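These notes are about the structure you will find just below.
2 protein chains.
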Amino acid sequence: MNATTPANTTASQATISESNRSRILQHLYHHGVSSRAQIAKALELTPAAITKITARLIEAGVIKETGDIEGSKNRRSIGLKLDTSHFRVIGVKFARSLVQIGVFDLAGNRLSLDNLPTVSNDTVWDTIATIHTKVNDLLANDKRIMAVGMAVPGPYLRGIGRIAVVSSMQEWRKVNFLREFADAFRVPVFLEQDARAGALAEYLFDPDITADNLAYYLVGEGVGLGAIDNGHLINGALGAATEIGHVSIDVNGRPCDCGNVGCLERYCSAGAIHELVNATDGLVPGSAGMSHAEACRALFALCEEGDEEANHLLRQVARFVGYGCVTIFNAFNPSHIVLGDIVSEAGAPLLNEVRRVVDERVISELNDSTTITLSGLSTDAAVAGAAAVAITQFLEHPSVFFDVT
Amino acid sequence: MNATTPANTTASQATISESNRSRILQHLYHHGVSSRAQIAKALELTPAAITKITARLIEAGVIKETGDIEGSKNRRSIGLKLDTSHFRVIGVKFARSLVQIGVFDLAGNRLSLDNLPTVSNDTVWDTIATIHTKVNDLLANDKRIMAVGMAVPGPYLRGIGRIAVVSSMQEWRKVNFLREFADAFRVPVFLEQDARAGALAEYLFDPDITADNLAYYLVGEGVGLGAIDNGHLINGALGAATEIGHVSIDVNGRPCDCGNVGCLERYCSAGAIHELVNATDGLVPGSAGMSHAEACRALFALCEEGDEEANHLLRQVARFVGYGCVTIFNAFNPSHIVLGDIVSEAGAPLLNEVRRVVDERVISELNDSTTITLSGLSTDAAVAGAAAVAITQFLEHPSVFFDVT
């Protein structure tokens, strides 16, 4: 038998070790302080492997030993801890007219948030320059920041670094995010489609979410979806899967900039709602001069006050959000659908109408086994999704961040 | 540190070994005769691991040593081989009115095929009984058969064992496939939704298909989809994901038995085509008395003869097949879409119209990077999908079939 080259042998061991390191970090992240024995039991790893890997993680400063904790049979054992407050990431969320930059700890606690000036088609490049400056300033002032995550509207072409379709503000299409940011800072940068970033945020930061089949349904300036199937984020060949906003709900319906007809986004995005509001007889005074988000929030405020016309309009929109939900059931069969971003701020009246549509149109076995909730993360905190992208990379590929080998 | 229980330690080692065994078998399956060094290099496994695992696989009779093969630097080394003709599986495909039972070798070569008498709503239970008898007969006569794979129409509720929706022939809904078949034979039985089975067949048996992002688009008595994303079959929480036939293409369209409105299946399944043919002024004489498949094939024959009305009707249907394709692009972004089952027999005229719709409606970057082809497996061979379900299990979980530990 020929021997393999040492490089291959090493690669093999490195791959397995990195996978085990990642599993240990994820266990500590999700379960808090744990003993080596508890980790070994949960992950079905040998005590020897745990001892070796945790020693290197402690040496590299990634995890720490805490005082004794109660083990099984009342034996005391040393606890291990991933100190989520010790490391930080920057999240940058791009949402056409709004760019937000936040600093987060690993648990998803937001330490600062910076809303950049409203972006117009003319100021896209100024905004890019501002992001460079601001991120560099943040990095210079806080050595604990170890990565930048960015969430960009889909369909985002991962390999190319460009957004394929932007319904308004065409200048965004010209931005190559990879070229602009991939090697721009002292820490690694990770880019993800925004709804997929949102799914990661729900998965990491919401303690009530335990599903391995999770869909984050972003209804905001765009309409998007991030779907986790059995623990794997569905990506597609180019990273352009789960683009629910461009799935047609009416093949004879409204044309969309993407080339398709009847795209869901044309019926229930913040922009579509803004159009509906503008078309009323002054339901929201001055709505024409508002941003999409402002117009939506003004509508939702009227709904809360009991305004009948406003509530009628909201129900109309909610039915379309519901049709999107029905498609999510049949295309992805998640066990939990989280509705987030601007439009989800409409709250209970929206959710009730969505559930009504789902009750009418979804197979009962699927409906019965699926939870639909509003996101527990506030819309301003949607930038948390961008942070979650970076944190996920840290948990999955620790050796990129620390010398743990 | 507390020691883990021996059971956990064992489980850990067993999991890793099974995974490596599986990877070695899959390598031999896809690449043919290989030396231990070639396998070690391709899989980044240590020579020691390869030696140990292949020794056990040889001992258990799963793989064999062949004569010397040419290694690197002209050194000779011993070849290893998975003899795909030595092991056999039974595939059973359920398609409402047609049930087929085939015997296959591991390479997907069909050794026998049995079309059961056309099933009506009244003969569903007789058919179940016949399957029991026929499979037992096949197993009694061929000791090399080591598993049964079954492909059933979706939405198939994997945990419960039932089909959730059947648009015609309601008796099928009462069949619990798990209860009927899971423990019925001397070999293990594996069940899968039919389009997902088709995706596995394309992935395993078609040498031209190398994509890790593959969609098999089944357009037959039902309309279904099996999607492989980065090598993982998308399942959903209950196994009811990728039910493209019940994704609405028109939320104000035709009602469907599933409760949804405008389901794709209502526009381009073999049954929908049959209805269209029946509604013509005798385009296909005697069509009302035909099966759906017969009516479709009669229509396609007329198309080939150049009949204008027939071609017009086909183009109309093909546009709907195309709308489904557009949804597949935006929901799953595969790099290869394979169109299969009865309707795909319409051939080039169908495919051309589907491509026309896709050219009109899909983002160019996605369109440019995605291949759409007709299945190379003939419709009768669609039962190969059922066989592929069993073969996939063998390749992924060899210890279920052989004592290799």
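Chains as they are written, first to last, in full-length UniProt numbering: chain A, 1 to 405; chain B, 1 to 405. Even glycine gets a Cβ: it sits at the ideal position worked out from N, Cα and C. Quick caveat: nothing in here was measured; it's all calculated off a predicted structure.
Rounded separation between residue i and residue j - CA only
i, j, result
"A/Ala-107", "A/Ser-85", "7 Å"
"B/Asn-274", "B/Gly-239", "Correcting the residue type first, residue 274 of chain B is His in the shown sequence and not Asn. So the alpha carbons of these two residues sit roughly 29 Å apart."
"B/Glu-18", "B/Ala-211", "25 Å"
"B/Met-169", "B/Ser-97", "8 Å"
"A/Ala-227", "B/Thr-66", "46 Å"
"B/Ala-151", "B/Asn-333", "24 Å"
"A/Asp-281", "A/Arg-315", "18 Å"
"A/Glu-192", "A/Lys-93", "10 Å"
"A/Asn-141", "A/Ser-112", "13 Å"
"B/Arg-76", "B/Pro-398", "29 Å"
"B/Thr-51", "B/Leu-80", "11 Å"
"A/Ala-318", "A/Val-261", "20 Å"
"A/Thr-10", "B/Gln-26", "In this prediction, A/Thr-10 has a pLDDT of 37, which is less than 50 and means its spatial position is unreliable; what the coordinates show is noted afterwards. When rounded, the distance between both Cα atoms is 22 Å."
"B/Ala-197", "A/Ala-182", "40 Å"
"B/Ile-391", "A/Ile-363", "31 Å"
"A/Gly-271", "A/His-292", "5 Å"
"A/Phe-87", "A/Val-148", "12 Å"
"B/Thr-127", "A/Ala-42", "46 Å"
"A/Met-146", "A/Glu-360", "48 Å"
"A/Thr-46", "B/Asp-206", "41 Å"
"A/Ala-3", "B/Ser-34", "At A/Ala-3, the pLDDT of 30 sits below 50, so the modelled position is not reliable and the matter cannot be decided from this model."
"B/Val-99", "B/Asn-115", "6 Å"
"A/His-336", "A/Ile-372", "6 Å"
"B/Val-103", "B/Pro-188", "15 Å"
"A/Glu-44", "B/Arg-23", "20 Å"
"B/Gly-306", "A/Ala-195", "48 Å"
"B/Asn-252", "B/Phe-320", "16 Å"
"B/Lys-322", "B/Leu-366", "It is Gly, not Lys, that sits at residue 322 of chain B in the sequence shown. Near 15 Å, if we compare the C-alpha coordinates of B/Leu-366 and B/Gly-322."
"B/Ala-129", "B/Glu-171", "14 Å"
"A/Glu-221", "A/Ser-344", "12 Å"
"A/Val-358", "B/Cys-256", "14 Å"
"A/Ala-298", "A/Ile-342", "12 Å"
"A/Val-175", "A/Arg-356", "41 Å"
"A/Phe-402", "A/Arg-36", "21 Å"
"B/Ile-160", "A/Asn-352", "29 Å"
CB contact flag (residue i, residue j, <8 Å)
i, j, result
"B/Leu-138", "B/Ile-90", "yes"
"B/Glu-202", "B/Ser-375", "yes"
"B/Val-338", "B/Tyr-216", "yes"
"B/Asn-235", "A/Asp-229", "yes"
"B/Val-166", "B/Arg-173", "yes"
"B/Pro-349", "B/Asn-311", "yes"
"A/Gly-245", "A/Leu-233", "no"
"B/Pro-153", "B/Ala-60", "no"
"B/Ile-328", "B/Leu-395", "no"
"B/Leu-283", "B/Glu-304", "no"
"B/Ala-369", "A/Ala-295", "The residue asked about is misnamed: residue 369 of chain B is Ser in this sequence, not Ala. In this structure, A/Ala-295 does not lie closer than 8 Å to B/Ser-369 by Cβ."
"A/His-132", "A/Ala-164", "no"
"A/Gly-340", "A/Leu-377", "yes"
Supposed contact pair residue j and residue i - C-beta distance, whole angstroms, cut 8 Å
i, j, result
"B/Ala-388", "B/Leu-204", "5 Å"
"A/Ile-53", "A/Arg-21", "5 Å"
"B/Cys-268", "B/Val-219", "6 Å"
"A/Val-135", "A/Ile-101", "7 Å"
"A/Leu-214", "A/Ala-199", "6 Å"
"A/Gln-393", "A/Val-400", "7 Å"
"A/Phe-300", "A/Ala-346", "5 Å"
"A/Leu-276", "A/Leu-302", "13 Å between Cβ atoms; not a contact."
Interface partners of residue i on chain D, CB under 7 Å
i, result
"B/Cys-258", "Absent from the structure is chain D; the protein chains it does hold are A and B."
Residue i: CB within 7 Å of a non-hydrogen atom of the ligand ATP
i, result
"A/Glu-171", "No copy of the ligand ATP appears in this structure; indeed no ligand is present at all."
Inset, instruction - Pull out every residue of the segment 145 to 166 of chain B whose Cβ sits closer than 8 Å to any Cβ of chain A, in chain order. - result: Pro-155, Leu-157, Ile-160, Ala-164 and Val-165
Legend entry - beta strand (DSSP E) runs wholly inside the segment 210 to 298 of chain B, at least 3 long, in chain order: 214 to 219 and 223 to 229
Legend entry - Complete alpha helix (DSSP H) runs within the segment 286 to 358 of chain A (minimum length 4 residues, chain order): Here the runs fully enclosed are 292 to 304 and 308 to 332.
Legend entry - Residues of the segment 314 to 344 of chain A whose Cβ lies closer than 9 Å to any Cβ of chain B, in chain order: Arg-319, Phe-320, Tyr-323, Val-326, Thr-327, Phe-329, Asn-330, Ala-331, Phe-332, Asn-333, Pro-334, Ser-335 and His-336
Legend entry - Selection of the segment 214 to 245 of chain B by Cβ proximity to chain A, strictly under 8 Å: Near chain A, meaning a CB-to-CB distance below 8 Å, the residues of the segment 214 to 245 of chain B are Asp-229, Asn-230, His-232, Ile-234, Asn-235, Gly-236, Ala-237, Leu-238, Gly-239, Ala-240, Ala-241, Thr-242, Glu-243 and Ile-244.
Inset, instruction - Check distances from the C-beta atoms of the segment 28 to 47 of chain B to those of chain A and list, in chain order, the residues that come in under 8 Å. - result: Ser-35, Arg-36, Ala-37, Ala-40, Lys-41, Leu-43, Glu-44, Leu-45, Thr-46 and Pro-47
Legend entry - Near-chain B residues of the segment 86 to 97 of chain A - C-beta to any C-beta below 8 Å: none
Inset, instruction - At 4 residues or longer, and completely inside the segment 36 to 101 of chain B: list those alpha helix (DSSP H) runs for me, N to C. - result: 36 to 43 and 47 to 59
Inset, instruction - For the segment 101 to 133 of chain B, list the beta strand (DSSP E) runs that are entirely contained and at least 3 residues long, ordered along the chain. - result: 110 to 115, all fully within the segment 101 to 133 of chain B.
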